[in-house]
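Keeping their order, the protein sequence lines are chains S and A.
Position 196 of the first sequence, counted from 1, bears residue number 199 in my numbering, the numbering being contiguous throughout.
Position 222 of the second sequence, counted from 1, bears residue number 328 in my numbering, the numbering being contiguous throughout.
Just so you know, even glycine gets a beta-carbon here, dropped at the ideal spot from N, CA and C.
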Amino acid sequence: MRNQNLIRVGSACLLVVALVGAALASRELLGTGREEFAPNRRFEPSRIDNPNYPVRNPFYFEGKIDYELLGIDEPENAWEYLQRGIWHQDDREDLAAAKADYRHSIALNDPSTGTCRIIRSRADLEISDPPPCMFTPRLRLAYLLLHEDPDESIRLFREVLEIDPLFLEVNLLIGKAYHDIAKTTADPEGKLQAYEAAIRAFRAELELAPVASPDITPDRVNNSTVHWHLAEVYEESGQLEDAIMEFDLYLEATRWHSDVYPWRIPLAAKKIEILRSQVVQPGHGGGPDSANPQFRESAGP
Amino acid sequence: MHRVHASWRGGFNDRVQFGQMDCYVGRGMLLCARRSMTVYADMSGSKYTFEPSWPRAVVGRPLCPVPAGDRDHPRKMAFHARFARGLYCSSFWIALLVSIDVASGQTSDRVPLMDLIRGQAFSRPEECLPCHRRQYDELRTAVKAGYRNVSPLFNALELAGNFFGGGRLRPVYGDSAQLTSDGTPLTANVVSAQRFTHVNEMQAGFCIGCHAPHVVLMGEDPDRREIPELAGLGMAFRPGQIRPLRDYHFIDGRGEQVLPAAIGGSPPPGSKPSLGASGISCDVCHNVIGPDLDRSVRRDGLGNGSFTLFPSLSKVGPFRFPLAVKGSFHSASLDPNRIAYLRSSDFCGSCHDVRMPGVSLTHRESNLNEGSESVTTYRLENLNTEWETGVYNSTENPFGRVIRCQDCHMSAYPYGGDSTYHVGDMRITSPTPAVFSLGFAAEPGVSTEFNARLPKRPVTNHYFTGVDVPLMSAAEMSARLGPGYPEADAHGLDRHGVPNGLAQRREDLLEAAVRISLGETDQHARAGQPFTVRLTAVSLTGHRFPAGFSQERTAYVELTIKDFHGFLLYQSGYVVDKPHPETAEMEPDGNLDDEDLEHLHAVVDPGRWTAPYRPGTASNGHTNSLFALGPDNGPEARVFFGADQGLVLWRNTLTRVFLPGDAVGRAKASNRPVVAQGPHFEETFSAAFANSVDNYRSLAPLRPTTYRYNVELPTEEELGLLGIDLVGPLHVQAQVNFLHFPPLFLRFLARTTGAEGPAGHDLNLLDEQRMDDFLVNVRGVARAETFVELVP
Chain S
4 MRNQNLIRVG SACLLVVALV GAALASRELL GTGREEFAPN RRFEPSRIDN PNYPVRNPFY
64 FEGKIDYELL GIDEPENAWE YLQRGIWHQD DREDLAAAKA DYRHSIALND PSTGTCRIIR
124 SRADLEISDP PPCMFTPRLR LAYLLLHEDP DESIRLFREV LEIDPLFLEV NLLIGKAYHD
184 IAKTTADPEG KLQAYEAAIR AFRAELELAP VASPDITPDR VNNSTVHWHL AEVYEESGQL
244 EDAIMEFDLY LEATRWHSDV YPWRIPLAAK KIEILRSQVV QPGHGGGPDS ANPQFRESAG
304 P
Chain A
107 MHRVHASWRG GFNDRVQFGQ MDCYVGRGML LCARRSMTVY ADMSGSKYTF EPSWPRAVVG
167 RPLCPVPAGD RDHPRKMAFH ARFARGLYCS SFWIALLVSI DVASGQTSDR VPLMDLIRGQ
227 AFSRPEECLP CHRRQYDELR TAVKAGYRNV SPLFNALELA GNFFGGGRLR PVYGDSAQLT
287 SDGTPLTANV VSAQRFTHVN EMQAGFCIGC HAPHVVLMGE DPDRREIPEL AGLGMAFRPG
347 QIRPLRDYHF IDGRGEQVLP AAIGGSPPPG SKPSLGASGI SCDVCHNVIG PDLDRSVRRD
407 GLGNGSFTLF PSLSKVGPFR FPLAVKGSFH SASLDPNRIA YLRSSDFCGS CHDVRMPGVS
467 LTHRESNLNE GSESVTTYRL ENLNTEWETG VYNSTENPFG RVIRCQDCHM SAYPYGGDST
527 YHVGDMRITS PTPAVFSLGF AAEPGVSTEF NARLPKRPVT NHYFTGVDVP LMSAAEMSAR
587 LGPGYPEADA HGLDRHGVPN GLAQRREDLL EAAVRISLGE TDQHARAGQP FTVRLTAVSL
647 TGHRFPAGFS QERTAYVELT IKDFHGFLLY QSGYVVDKPH PETAEMEPDG NLDDEDLEHL
707 HAVVDPGRWT APYRPGTASN GHTNSLFALG PDNGPEARVF FGADQGLVLW RNTLTRVFLP
767 GDAVGRAKAS NRPVVAQGPH FEETFSAAFA NSVDNYRSLA PLRPTTYRYN VELPTEEELG
827 LLGIDLVGPL HVQAQVNFLH FPPLFLRFLA RTTGAEGPAG HDLNLLDEQR MDDFLVNVRG
887 VARAETFVEL VP
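Here it is in structure tokens:
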């Protein structure tokens, strides 16, 4: 008897549970269960709500984004012109189109026209417009103009140093631009000034990345590339003792890092040998007098 | 009052919890009582008490209410009564479990219905072993499970973040007395929060919340908490007292937690791995309900463990029509939404996108959840988003179908045969994704109800092979994860032809990841003149390459140019053996795998112990003590200057944007601190210190990208000084190498968790020796060569 009662009660419970389950299941079948999530969403690039289109905050993202991810038909602002210019240069090797886009980007991001600001303090960031000035379009255009218009290139590089005086390799490239000018200038005074300016720029580059404590690095010298270029400039300008010193510093800097052009290492050693033999000989001649005090720069770091 | 006698000892070993009730089942009986009580009652109201020394084991089993008349002598029941009881019992539970299961799939939020009934606590993977041997063995070799949580790198990185941020990365729980940085109660963490109302909630348990979300959830019960709260956060944090997370993953023979005697010390003698040691194991994925959009910053279900996890008897698998499980050990979910979620890339993306709490100064992205607007993030790891916005999440790929994460990382890939196709001008032969081995989802003959025949069908594997291999020996892993832990270098193949060894699988996966070509290189070169090498690379991965922990995963091109006699004219992507005084390696050690590439020379400040403690860089480091561009500078030059020079490095970049007035962490030659005068963008190796990320340095999928090297050959004069006669043709060789962590990053972690770091004592995680023993550079995963004619 008790078993029969229990079975009746149990059956009633079963019926209730089954009805509840069926109701819930039917709710699911009617598609009213899940909210806005849908797995495996498809993506259509656009300017809006695009994880690949960064919204500046307050700085622009100054890297390179694959252009087709941006959903841009035609650029509408300085940043978009920059991205398209990068695409022209890197992916299509269309340097003319790249330069045009970089110029357009800079024209829309120019402190002299109030379309961008040089940030000098945190207070400057409290103003959202105009946006901070970008360095990438200036760097890229300057690099493309390095040999064809070094003066313009230098001007653009100096704009970047206005934005960020600590930006590495800008001074190096300014030095290379002046080195190019020196090599192509026939006028001796102009050549002298160009060499002088190159040396100052290379020295400024060294200032930005000094050697650290021996507790954390085996390097006594770094910036091998800068020392190589300094050595070349000193050698070409007849400052042989300084050239020897820079080749020495170059060798020290490459001791634990080699060079992308590894033949420069034995070449530097050879040049030191040759230059030393020239320095001890009287009348080594050629180029500006190395005893000229204006070429006596301070020793490296 | 009845006493359950010792003679019944063998019958009452199963305990199950129903909400606040403790129940025991056995010998046809179900006895329940409120927790902590000792007097139990059956369904008829008869009372029982257990003898004090009664053994108790927690095993989840389905229960069957028993008619009162049978309680004393269940074996003497009449057959018809037993049949009726069996039918009733099965129907009850089937209906209940189905309705609960379907109900649980109705919402992507918390499932309040399930709060009433908890069928099963989180189980150890050994519980699944008898019926799912193959999956158990496969998962055991995956770094996702087990190793990940005892990894010295993971533990060191988590500690480094805590040293920097005042302990904010450790979980807090509902019973916490901690406060946010604003002085409001902090009682939720990244897993437990309903919606984030403060950034400290997202930070709490940030790392472990994806590495062991179930452990964080269990921590809401103080009796089950593996990872305790820290005593103090923020300014009250005591770096000398924090333990590595892996210290908490040991239990003794009674199942009680034991800790190493010293902070960061060796495994306690006789200890076993806890549930937390098993990491992302069976009961994490197969208890998932669906995405938790309220904890998802962009309400896309991606990032930071934004899924709902609920431990129950209802496990979700990939099959729409699973067979009944033997003894109803668990049920197999029939909820189509739940199954679809498990099968989708979105499930993977719930952890494999990582959104860092904080603000990016170059990318504003708002939190779309009402009430969470102040909790902003920036995209640290973007792996799933890369897939979602890429060609594999479409039919516009060589395979003509959507290729999900599972189609490469849980399939026979790359051992399932090859396909040949074109990408741009490159003809490519590569492994075919979405090929699954035929097999059984469970052990035949033991796993199904009534021993129902299991169909042989395409099954996933649980290797989850990626690019990581352990930085620990097999002995160390066995000591922390259990005896016989598989070695990464294991030999042989499994039954489906997949290598047993993780190291081999990783290498094979890398070889399937990328192709390069030098076909567009200049055909001629002349001494003293520049010429251009063009290297075209295409990633075949479903996401960018590398991806995930992509600011550390390092893939790069090693390029050399030699003349006919082997004279080296140009090199990029090279390494040089050197001393590392920062980690007491005072001489070169003959090992090149622990060397950084030569595009950048950097040393990260590890910080130091100070009293009183202050969060941030002042005493905790994370800035670059040394930062100089090297001779092989390619990454910065290529991205910012557009220069055709230097290293091609596929590694994303963490960036610190220093604002005017900020000290960058090092001094000039004059010893004056270097201070930013304008916004200064500098690469950092600390996610805690970064406020911008470049996630586009890695190689995009199926997008041929050409990198140019403008190479200057020596002049005739220079060759004369060197005594070299250059002979053509020039041999240009390129290969792609992979290093899974930058050595400078490991050295930073070694120092920050070492004796001189903020803790003030050694946490025994990383050192130079471990790097020498385990850091391996996988070379030549792709190769190309060409010859260039040397003209006078």
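Task: Cβ shell of F214 (chain S) (< 8 Å), same chain only, five flanking positions each side left out - done: Strictly speaking, residue 214 (chain S) in this sequence is Val, with Phe absent from that position. Leaving aside the five residues that flank V214 (chain S) on each side, the residues in its chain whose CB is nearer than 8 Å to its CB run, in chain order, T220, D222, R223, V224, N225, P304.
Task: Three-state secondary structure assigned by DSSP to A775 (chain A) - done: coil
TODO: Using three-state DSSP, classify A861 (chain A) as helix, strand or coil.
DONE: coil
Task: D600 (chain A) and V249 (chain A) closer than 9 Å at C-beta - done: Remark: C-beta atoms of D600 (chain A) and V249 (chain A) do not approach each other more closely than 9 Å.
Task: Interface residues of chain A facing I121 (chain S) [CB-CB closer than 8 Å] - done: Ordered by position in chain A, the residues that pass the 8 Å Cβ test against I121 (chain S) are G784.
Task: Element boundaries [beta strand (DSSP E), containing S731 (chain A)] - done: 730-735
Task: Spatially closest choice to L235 (chain A) from A:V552, A:R586, A:R470, A:D669, by CA coordinates - done: A:V552
Open item on the list: When you compare the CB positions of G771 (chain A) and S731 (chain A), do they come within less than 9 Å of one another, or not?
Closed with: yes
- [ ] Tell me where the beta strand (DSSP E) around F637 (chain A) begins and ends.
- [x] 636-645
Task: Between the CA atoms of C388 (chain A) and R360 (chain A) - distance to the nearest angstrom - done: 23 Å
Task: Own chain, CB closer than 6 Å to Y521 (chain A), minus 5 neighbours either side, in chain order - done: So the qualifying residues of the chain are G603, V604.
Task: DSSP beta-bridge partners of D711 (chain A) - done: Note: D711 (chain A) sits in no beta bridge, so no partner.
Open item on the list: Strictly under 9 Å for the Cβ-Cβ distance: is A212 (chain S) near chain A by that measure?
Closed with: yes
Task: Contacts of W90 (chain S) in chain A (Cβ-Cβ under 9 Å) - done: Here the premise fails: no neighbours, minimum Cβ distance about 11 Å.
Task: Simplified DSSP assignment, three categories, for N499 (chain A) - done: helix
Task: Three-state secondary structure assigned by DSSP to P898 (chain A) - done: coil
- [ ] Just confirm the distance between the C-beta atoms of L703 (chain A) and D738 (chain A), as a whole number of angstroms; I'd bet it's less than 8 Å.
- [x] 7 Å
Task: Helix, strand or coil at D452 (chain A) according to DSSP, with G and I counted as helix - done: Judged by DSSP in its simplified three-state form, D452 (chain A) adopts helix.
Task: Whole-number beta carbon distance between V882 (chain A) and D699 (chain A), since they are thought to touch under 8 Å - done: 6 Å
Task: Burial state of M341 (chain A), where buried means 16 or more other Cβ atoms lie within 10 Å - done: exposed
TODO: Locate the beta strand (DSSP E) running through I534 (chain A), then write down its first and last residues.
DONE: 532-537
Task: Contact set between N499 (chain A) and chain S, taken where Cβ atoms lie within less than 9 Å - done: N43, R44, R45, F46
Task: CB of E172 (chain S) within 9 Å of CB of A743 (chain A), strictly - done: It is a contact, given that the beta carbons lie within the stated cut-off.
Task: Near-chain A residues of the region 222-234 of chain S - C-beta to any C-beta below 8 Å - done: Within the region 222-234 of chain S, the residues whose Cβ lies closer than 8 Å to some Cβ of chain A are D222, N225, N226, S227, T228, listed in chain order.
Open item on the list: Looking at P864 (chain A): is its Cβ nearer than 9 Å to the Cβ of W715 (chain A)?
Closed with: yes
Open item on the list: 9 Å is my cut-off, CB to CB: does Y680 (chain A) come that close to chain S?
Closed with: Nearest CB-CB separation between Y680 (chain A) and chain S: below the 9 Å threshold.
Task: Nearest neighbour of C313 (chain A), chosen from A:E244, A:R276, A:Q241 [CA to CA] - done: The shortest Cα separation from C313 (chain A) among A:E244, A:R276, A:Q241 belongs to A:R276.
Task: Inter-residue spacing [alpha-carbon to alpha-carbon] between R123 (chain S) and F795 (chain A) - done: 22 Å
- [ ] Under 7 Å between beta-carbons, which chain S residues line up against Y802 (chain A)? List them in chain order, please.
- [x] Correct list: G66, K67, I68, D69.
Open item on the list: Considering Cα atoms alone, identify which of A:F787, A:V681, A:H837 is closest to A631 (chain A).
Closed with: A:H837
- [ ] Could you run through the region 661-695 of chain A and flag, in chain order, every residue whose CB is less than 8 Å away from some CB of chain S?
- [x] F673, L674, L675, Y676, Q677, S678, Y680, V682, K684, P685, H686, P687, E688
Open item on the list: Please list, in chain order, the chain S residues whose beta carbon lies closer than 7 Å to that of K562 (chain A).
Closed with: Ordered by position in chain S, no residue passes the 7 Å Cβ test against K562 (chain A), which lies about 27 Å from the chain.
Open item on the list: If I follow the unbroken alpha helix (DSSP H) through F250 (chain S), where does it start and stop?
Closed with: 243-256
Task: Contact set between L148 (chain S) and chain D, taken where Cβ atoms lie within less than 9 Å - done: No chain D is part of this structure, whose protein chains are labelled S and A.
TODO: Just the chain A side, please: which residues come within less than 7 Å of I166 (chain S) by C-beta, in chain order?
DONE: In chain order: G784.
Open item on the list: Pop quiz: Y264 (chain S) and Y676 (chain A) are said to be a contact at Cβ under 8 Å. What is the actual Cβ separation, rounded to whole angstroms?
Closed with: 6 Å
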